[in-house]
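Protein chains in written order, with this note's numbering: chain A, 2 to 249; chain B, 2 to 249. Using N, Cα and C, we set each Cβ at its ideal position, and we do this for glycine too. So the structure is just underneath, and the comments pick up after that.
There are 2 protein chains.
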Amino acid sequence: MPVPAEAGSEGTTVKQRSIPEASVARLAVYLRMLGELAEQGAETVSSDELAAATGVNPAKLRKDLSYIGSYGIRGVGYEISSLLHQLERALGLNHRQAVALVGVGNLGHALAGYGGFGGRGFPVTALFDVDPDLVGIHINGILVDHIRAIPEVCAERAITIGVIATPAQAAQGACDLLVESGVRCILNFAPVVLQVPGEVEVRKVDLAVELQILAFHVARRHLTATADVVTEQMVNGHAVNGSGGAHS
Amino acid sequence: MPVPAEAGSEGTTVKQRSIPEASVARLAVYLRMLGELAEQGAETVSSDELAAATGVNPAKLRKDLSYIGSYGIRGVGYEISSLLHQLERALGLNHRQAVALVGVGNLGHALAGYGGFGGRGFPVTALFDVDPDLVGIHINGILVDHIRAIPEVCAERAITIGVIATPAQAAQGACDLLVESGVRCILNFAPVVLQVPGEVEVRKVDLAVELQILAFHVARRHLTATADVVTEQMVNGHAVNGSGGAHS
DNA sequence: AGTCGCTTGTGAAGACACGCACAAAGTTGC
DNA sequence: GCAACTTTGTGCGTGTCTTCACAAGCGACT
Ligand SMILES: NC(=O)c1ccc[n+]([C@@H]2O[C@H](COP(=O)([O-])OP(=O)(O)OC[C@H]3O[C@@H](n4cnc5c(N)ncnc54)[C@H](O)[C@@H]3O)[C@@H](O)[C@H]2O)c1
Ligand SMILES: NC(=O)c1ccc[n+]([C@@H]2O[C@H](COP(=O)([O-])OP(=O)(O)OC[C@H]3O[C@@H](n4cnc5c(N)ncnc54)[C@H](O)[C@@H]3O)[C@@H](O)[C@H]2O)c1
Numbered sequence: 002m003p004v005p006a007e008a009g010s011e012g013t014t015v016k017q018r019s020i021p022e023a024s025v026a027r028l029a030v031y032l033r034m035l036g037e038l039a040e041q042g043a044e045t046v047s048s049d050e051l052a053a054a055t056g057v058n059p060a061k062l063r064k065d066l067s068y069i070g071s072y073g074i075r076g077v078g079y080e081i082s083s084l085l086h087q088l089e090r091a092l093g094l095n096h097r098q099a100v101a102l103v104g105v106g107n108l109g110h111a112l113a114g115y116g117g118f119g120g121r122g123f124p125v126t127a128l129f130d131v132d133p134d135l136v137g138i139h140i141n142g143i144l145v146d147h148i149r150a151i152p153e154v155c156a157e158r159a160i161t162i163g164v165i166a167t168p169a170q171a172a173q174g175a176c177d178l179l180v181e182s183g184v185r186c187i188l189n190f191a192p193v194v195l196q197v198p199g200e201v202e203v204r205k206v207d208l209a210v211e212l213q214i215l216a217f218h219v220a221r222r223h224l225t226a227t228a229d230v231v232t233e234q235m236v237n238g239h240a241v242n243g244s245g246g247a248h249s
Numbered sequence: 002m003p004v005p006a007e008a009g010s011e012g013t014t015v016k017q018r019s020i021p022e023a024s025v026a027r028l029a030v031y032l033r034m035l036g037e038l039a040e041q042g043a044e045t046v047s048s049d050e051l052a053a054a055t056g057v058n059p060a061k062l063r064k065d066l067s068y069i070g071s072y073g074i075r076g077v078g079y080e081i082s083s084l085l086h087q088l089e090r091a092l093g094l095n096h097r098q099a100v101a102l103v104g105v106g107n108l109g110h111a112l113a114g115y116g117g118f119g120g121r122g123f124p125v126t127a128l129f130d131v132d133p134d135l136v137g138i139h140i141n142g143i144l145v146d147h148i149r150a151i152p153e154v155c156a157e158r159a160i161t162i163g164v165i166a167t168p169a170q171a172a173q174g175a176c177d178l179l180v181e182s183g184v185r186c187i188l189n190f191a192p193v194v195l196q197v198p199g200e201v202e203v204r205k206v207d208l209a210v211e212l213q214i215l216a217f218h219v220a221r222r223h224l225t226a227t228a229d230v231v232t233e234q235m236v237n238g239h240a241v242n243g244s245g246g247a248h249s
């Protein structure tokens with residue numbers, strides 16, 4: 002099945018019939034590490050090296066990469082610039098995705114001023130709030146608009162991704178506005194479960210939950226440490242994200 | 002299962018012999034929703050209601066809850082206050098976990114000032130930075146110390162969880178300091194893979210990765226939308242965390 | 001008491017993810 | 001040109017997570 006020997010459907014019709022969700026998250030991590038390696042002047046990298054650098058099992062890494070095609074050279078490794086380009090294509094980064102941020106409070110300010118988004122192909126091009134003290138000011142060169150301008154501005158600037166950093170009780174309203182305006186992907190920092198139509202995808206970043214997961218492991222660790230004496234702990238190791246998730 | 006009273010066999014230790022990682026993340030979400038319901042004065046809740054409110058499959062929710070014991074009443078649902086208490090116990094929230102935050106920049110400021118942590122049993126009780134302009138000031142009533150004070154302060158205030166919000170290149174150093182000081186659980190916001198000894202658990206929150214995952218779905222959506230016409234999209238819906246994803 | 005309706009808890013099956021291990025395919029050295 | 005070595009790509013067994021479906025348990029009503 003995933004052995005379509007035929008290279009027939011190469012360039013145009015992207016054959017990426019379903020990359021596993023878990024793999025997509027890791028591909029993004031490989032992408033960043035490849036960027037760093039490229040900056041350092043490296044030309045090729047082996048799966049073992051890249052796996053060690055990203056904290057992933059080498060076989061898993063190769064399988065992840067195989068979902069986007071066979072761009073490795075046996076006996077050598079992967080050519081970094083080429084792989085980088087293929088990864089960007091596969092992740093949909095060939096055309097920049099404009100991001101709108103709703104709620105410019107403590108967290109929103111930090112996000113708006115963060116260079117790591119624009120630098121990775123996600124320029125924050127719209128900011129919204131309701132606070133009259135905020136509406137009208139510029140942050141990092143971007144004007145803060147009132148949320149009633151969301152439909153207009155989103156259409157005008159071709160917003161594809163919305164980020165919600167409002168208080169919890171305002172999040173659903175902000176979400177509804179974004180969805181009405183055609184936004185189909187939302188990153189939510191408010192601790193609420195957003196109700197959205199089926200075609201809209203929501204990812205939630207919940208920092209309190211992250212801490213609770215850690216606290217759970219602290220507690221468990223403590224229990225096993227006091228109960229069994231020095232029962233060797235699982236060798237495996239890390240948990241991630243996300244996720245990862247995410248967080249782990 | 003209707004346990005054979007004898008816990009003798011393998012269960013030498015605690016009965017919570019391993020709650021699946023994915024379930025732990027969701028239990029934290031149920032916990033918050035239960036808190037809200039309790040505030041609203043509700044006394045009981047059924048798995049269907051709670052599942053709808055948290056965006057989870059009802060069967061999955063029941064199975065998650067079954068890992069911490071049988072606290073439901075058939076034909077009725079779950080008594081909220083009782084379930085809340087059991088959840089807190091299972092997640093290790095009976096005793097508060099003190100949190101240290103390293104790196105009080107844009108993001109660190111927002112985190113330090115966030116009431117949602119202390120309110121959920123995770124008081125941020127220590128702040129660290131290297132910037133002379135920051136060391137010595139108070140944020141939200143907490144003094145910012147120099148990172149060289151990490152070992153001393155962590156021991157003194159019984160820190161169990163560390164949060165890293167430094168620039169990427171400083172993250173590993175901050176991590177090492179925390180680990181040396183006995184911290185065994187770390188939440189990392191810097192876009193690097195931390196190297197830690199096996200007994201330390203790291204969760205990473207990587208916002209750029211979150212955006213890239215969304216971008217991937219935008220791209221995919223766009224492809225299928227132009228290729229097939231209105232092919233019915235998957236009904237499932239949301240993705241979480243990460244954990245995830247970990248959480249990820 | 002008996003019956004009925006509702007909800008939990010879980011067995012079992014399916015879906016998914018992981019990682020080993022190895023053949024295929026390349027490179028290097030002679 | 002051939003043999004030795006390196007590294008990719010993947011088939012497959014294993015384990016974890018998800019979901020369905022239903023018996024068992026509980027309360028309410030008659
Ligand atoms: N600050 C953190 O570190 C942190 C951490 C985790 C989660 N969060 C969550 O992120 C969200 C924002 O946190 P914060 O600390 O920035 O809060 P904040 O109160 O500092 O900022 C909220 C901002 O949203 C604006 N706002 C209020 N109602 C709005 C509406 N209807 N539409 C648009 N904007 C509106 C406010 O004017 C304010 O500027 C909260 O839901 C919080 O739970 C924050
Ligand atoms: N700001 C955001 O919205 C955002 C979003 C995602 C990820 N991040 C990540 O979080 C981290 C912090 O981001 P930021 O925007 O707050 O950066 P920032 O530059 O505003 O803050 C960094 C802080 O860390 C301090 N610092 C530097 N070296 C240190 C060291 N060795 N020990 C302790 N503290 C040190 C600095 O003095 C500064 O106060 C970065 O790694 C960034 O990539 C930030």
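inquiry  = List, in chain order, every chain A residue whose beta-carbon is nearer than 8 Å to that of T107 of chain B.
reply    = Residue mapping note: residue 107 of chain B aligns to position 106 of the second sequence, counting from 1. Going by the sequence as given, residue 107 of chain B is Asn instead of Thr. Correct list: H110, A111, G114 and Y115.
request  = Taking H255 of chain B as the reference, give the member of B:I148, B:L179, B:L208 and B:A127 with the closest Cα.
outcome  = Here chain B comprises residues numbered 2 to 249, so residue 255 of chain B is not present and cannot be evaluated.
ask   = Who are the near neighbours of S83 of chain B in its chain, counting only those whose CB is closer than 7 Å to its CB and skipping five residues on each side?
value = Counting from one through the second sequence, the residue named residue 83 of chain B turns up at place 82. Contacts found: Y72.
ask   = Are the segment 179–191 of chain B and the segment 95–109 of chain B touching, with three or more C-beta to C-beta distances below 8 Å?
value = By the C-beta criterion, the segment 179–191 of chain B is judged to be in contact with the segment 95–109 of chain B, since at least 3 inter-stretch pairs fall below 8 Å.
message = Going by DSSP in three states, L144 of chain B sits in which element: helix, strand or coil?
response = Numbered from 1 along the second sequence, position 143 holds the residue referred to as residue 144 of chain B. Here L144 of chain B sits in strand by DSSP.
query = Quick one: is D207 of chain B near chain A, going by C-beta distance under 9 Å?
reply = For this step, residue 207 of chain B is matched to residue 206 along the second sequence. With 9 Å as the cut-off, D207 of chain B counts as an interface residue toward chain A.
Length of the line joining the Cα atoms of H239 of chain B and A23 of chain A = Taking the second sequence and counting its residues from 1, the one referred to as residue 239 of chain B is at position 238. Taking the first sequence and counting its residues from 1, the one referred to as residue 23 of chain A is at position 22. Low confidence applies here, because H239 of chain B scores a pLDDT of 37, under 50, leaving its location unreliable and the question unanswered by this model.
query = Using a beta-carbon distance below 9 Å, is E40 of chain B in contact with chain A?
reply = By 1-based counting over the second sequence, the position of residue 40 of chain B is 39. Contacts with chain A at 9 Å (Cβ-Cβ) do not include E40 of chain B.
message = Which same chain residues end up closer than 7 Å to V125 of chain B when comparing Cβ atoms and leaving out the 5 residues on each side of it in sequence?
response = As a first step, residue 125 of chain B must be located in the second sequence, where it is residue number 124. In the same chain as V125 of chain B, and ignoring 5 residues on each side of it, the C-beta atoms closer than 7 Å to its own belong to V100, L102, A113, F118, G119 and I143, in chain order.
request  = Within its chain, find whatever has a CB closer than 7 Å to the CB of V57 of chain B; leave out the 5 residues flanking it on each side and keep chain order.
outcome  = Taking the first residue of the second sequence as 1, we reach residue 57 of chain B at position 56. These residues qualify, in order along the chain: R27.
query = Taking 8 Å as the cut-off, does the CB of D177 of chain A come closer than this to any heavy atom belonging to ligand 1?
reply = Locating residue 177 of chain A in the first sequence gives position 176, counting from the first residue. No, Cβ of D177 of chain A sits at least 8 Å from all heavy atoms of ligand 1.
query = Start and end of the alpha helix (DSSP H) containing G174 of chain B?
reply = On the second sequence, position 173 is the one that residue 174 of chain B refers to. Per DSSP, G174 of chain B belongs to the alpha helix (DSSP H) from A169 to E181.
Residue span of the alpha helix (DSSP H) that contains G104 of chain A, given as start and end = On the first sequence, position 103 is the one that residue 104 of chain A refers to. Run containing G104 of chain A: none; DSSP gives neither H nor E here.
inquiry  = For the segment 53–71 of chain B, list every residue whose C-beta sits within 8 Å of some C-beta in chain A, in sequence order.
reply    = A54, T55 and G56
key: Positions along the segment 181–195 of chain A whose CB lies within less than 7 Å of some CB in chain B   = R185, C186, L188, P192 and V194
ask   = Within 8 Å: the Cβ of P168 of chain B and any heavy atom of ligand 2?
value = As a first step, residue 168 of chain B is located in the second sequence; it is residue number 167 there, counting from the start. Within the cutoff, so yes.
key: chain B contact residues for I162 of chain A, given Cβ-Cβ distances below 8 Å   = One-based indexing of the first sequence puts residue 162 of chain A at position 161. In chain order: L212, L215, A216 and V219.
inquiry  = For D121 of chain B, count the other beta carbons within 10 Å of its own beta carbon; 16 or more makes it buried, fewer makes it exposed. Which is it?
reply    = Counted from its first residue, the second sequence places residue 121 of chain B at position 120. Per the sequence shown, the amino acid found at residue 121 of chain B is Arg instead of Asp. R121 of chain B counts as buried, since no fewer than 16 other beta carbons sit within 10 angstroms of its beta carbon.
task = Please compile the residues from chain B whose C-beta is within a distance smaller than 7 Å of the C-beta of A29 of chain A.
result = Start at 1 with the first residue of the first sequence, and residue 29 of chain A comes out as number 28. By Cβ distance, chain B contributes V210, Q213 and I214.
inquiry  = Is there a Cβ of chain B sitting closer than 9 Å to that of Q98 of chain A, yes or no?
reply    = The count along the first sequence starts at 1 and reaches residue 98 of chain A at position 97. Yes, because at least one Cβ of chain B sits closer than 9 Å to the Cβ of Q98 of chain A.
task = State yes or no: is the C-beta of G117 of chain B nearer than 8 Å to some heavy atom of ligand 1?
result = The residue given as residue 117 of chain B occupies position 116 in the second sequence. Yes - ligand 1 has a heavy atom lying nearer than 8 Å to the Cβ of G117 of chain B.
ask   = Roughly how many whole angstroms lie between the Cα atoms of L92 of chain B and K64 of chain B?
value = Here residue 92 of chain B corresponds to residue number 91 of the second sequence, with the count starting at 1. Here residue 64 of chain B corresponds to residue number 63 of the second sequence, with the count starting at 1. One C-alpha to the other measures close to 16 Å.
ask   = Is the distance from the Cβ of L178 of chain B to the Cβ of I151 of chain B below 9 Å?
value = On the second sequence, residue 178 of chain B is found 177 positions in, with the first residue counted as 1. On the second sequence, residue 151 of chain B is found 150 positions in, with the first residue counted as 1. Yes.
task = Taking the CB atoms as reference points, tell me whether L212 of chain B and F217 of chain A lie closer together than 9 Å.
result = For this step, residue 212 of chain B is matched to residue 211 along the second sequence. For this step, residue 217 of chain A is matched to residue 216 along the first sequence. Contact: no.
ask   = Does the distance from the C-beta atom of V131 of chain B to that of G137 of chain B stay below 9 Å?
value = Translated into positions along the second sequence, residue 131 of chain B becomes position 130. Translated into positions along the second sequence, residue 137 of chain B becomes position 136. No, Cβ-Cβ distance for V131 of chain B and G137 of chain B is not below 9 Å.
task = Count the other C-beta atoms from every protein chain shown that fall within 10 angstroms of the C-beta of S48 of chain B, then say buried if there are 16 or more, exposed otherwise.
result = Residue mapping note: residue 48 of chain B aligns to position 47 of the second sequence, counting from 1. Classification for S48 of chain B: buried.
inquiry  = I'd like the list of long-range same chain contacts for Q98 of chain B, defined as Cβ closer than 8 Å, with 5 residues on each side in sequence excluded.
reply    = For the purposes of this step, residue 98 of chain B is identified with residue 97 of the second sequence, where counting begins at 1. So the list reads G122, F123, T161 and I162, once near-sequence residues are dropped.
Within-9 Å CB hit, H139 of chain B to chain A = What you label residue 139 of chain B is simply residue 138 of the second sequence in a count that begins at 1. It does not; no Cβ of chain A falls within 9 Å.
ask   = Of all the CB atoms in chain A, is at least one closer than 9 Å to the CB of E202 of chain B?
value = Residue numbering aside, residue 202 of chain B sits at position 201 when the second sequence is read from its first letter. Chain A, which has a Cβ nearer than 9 Å to the Cβ of E202 of chain B, makes this yes.
request  = Report the residue from A:A29, A:S19 and A:E37 whose alpha carbon sits nearest the alpha carbon of L208 of chain B.
outcome  = In the second sequence, counting from the first residue as 1, residue 208 of chain B sits at position 207. If we check each option's Cα against that of L208 of chain B, A:A29 comes out closest.
Exposure of R33 of chain A, with buried meaning 16 or more beta-carbon neighbours within 10 Å = Within the first sequence, the letter at position 32 stands for residue 33 of chain A. It counts as buried.
query = Along chain A, in chain order, which residues have C-beta atoms closer than 8 Å to that of F129 of chain B?
reply = Translated into the one-based positions of the second sequence, residue 129 of chain B becomes position 128. Around F129 of chain B, no beta-carbon contact reaches into chain A at under 8 Å, the shortest distance being about 18 Å.
inquiry  = Quick check on DSSP: helix, strand or coil for I69 of chain A?
reply    = For this step, residue 69 of chain A is matched to residue 68 along the first sequence. DSSP places I69 of chain A in coil when its eight states are reduced to three.
key: Range covered by the beta strand (DSSP E) that runs through I151 of chain A   = The residue given as residue 151 of chain A occupies position 150 in the first sequence. Element bounds for I151 of chain A: not the beta strand (DSSP E) but the alpha helix (DSSP H), I151 to E157.
request  = Tell me where the alpha helix (DSSP H) around L135 of chain B begins and ends.
outcome  = In the second sequence, counting from the first residue as 1, residue 135 of chain B sits at position 134. Unbroken run through L135 of chain B: none, as it is neither H nor E.
key: As assigned by DSSP and simplified to three states, the class of Q207 of chain B   = By 1-based counting over the second sequence, the position of residue 207 of chain B is 206. Looking at the sequence provided, one finds Asp at residue 207 of chain B rather than Gln. It is coil, neither helix nor strand.
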